[in-house]
Each structure stands twice: as C-alpha cells, then as structure tokens.
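Be aware that the sequence shown starts at 48, since it is given in the numbering used here, and climbs by one per residue. Everything below concerns the one structure shown next.
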Amino acid sequence: MVRLPLFSQSEGKGEVPCTEAQLTTIFKEHDTNGDGKLSWSELELAFKKLGSRWPWFRTEKGFRHADEDGNGFIDIETELKLLVAYAYKCNYIYNPAAVKVN
C-alpha cells in the first residue's frame, strides 16, 4: 500500500493554490464541444492542464464526486460545483500559463 502525504505540495515554496474561481474557469474551458457538459476525455485534459500526476485517477475520482445522475457527464450548470470542491481539496498550484483569471 502506498501512502501519499496529506500536506499541500506548495508548503514552504511560496506557491499559491488555485482558487475555486480559477478551477471553475479551467473546467469550463475544457467543455470543448460547448454542450454544457464535461466528458471523461475533456475532464482528463483539464486535470492534465492543472498538472495532475495521475490525471486518469483524478478524472475517476472527479466523476465519483460530481456525476450525481450517473450519465457519464458532469453537467456544468448542476454538477460543476461538486467537481470544483473535489479539485480544490487537491491543492493544485496556480500556474498563470494554465489558469486565466477572469
């Protein structure tokens, strides 16, 4: 069994975690076909952009947290807040090249 540290990767490095607003922007940008939903592949690309070490794992966990109706998509209007809450707990580091601030 592998144990991962529970502390933020940014501790002591002067780096700033992404805000919920920044995460929301990243996820919305990855609705590439504009259907108002995030597919598995769209979400995996978003986690890659956020710098996830294991984007497929984060995608799986993201769907478990946010896909309340079980349709295989994360609806931007009704389920995105759950996804953002999950991703926020992962302490992704703010990267200006990856995250646009609106």
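Yeah, the Cβ is synthetic: ideal placement off N, Cα and C, and Gly gets one too.
Item                                                                                            : Value
Which of helix, strand or coil DSSP assigns to residue 54                                       : Reliability of the predicted coordinates at residue 54 is poor, the pLDDT of 42 falling under 50, and the value obtained from them is presented with this limitation in mind. Residue state, collapsed to three classes: coil.
Short Cβ contact (8 Å threshold) for residue 69 with residue 133                                : no
Alpha-carbon spacing of residue 121 relative to residue 129, whole angstroms                    : 9 Å
Residues near residue 105 by beta carbon distance below 6 Å, same chain, minus five either side : 94 and 99
Supposed contact pair residue 89 and residue 78 - C-beta distance, whole angstroms, cut 8 Å     : 6 Å
Terminal residues of the alpha helix (DSSP H) in which residue 131 lies                         : 127–136
Collapsed DSSP secondary structure at residue 85 in the structure displayed                     : strand
Simplified DSSP state of residue 121, which is helix, strand or coil                            : strand
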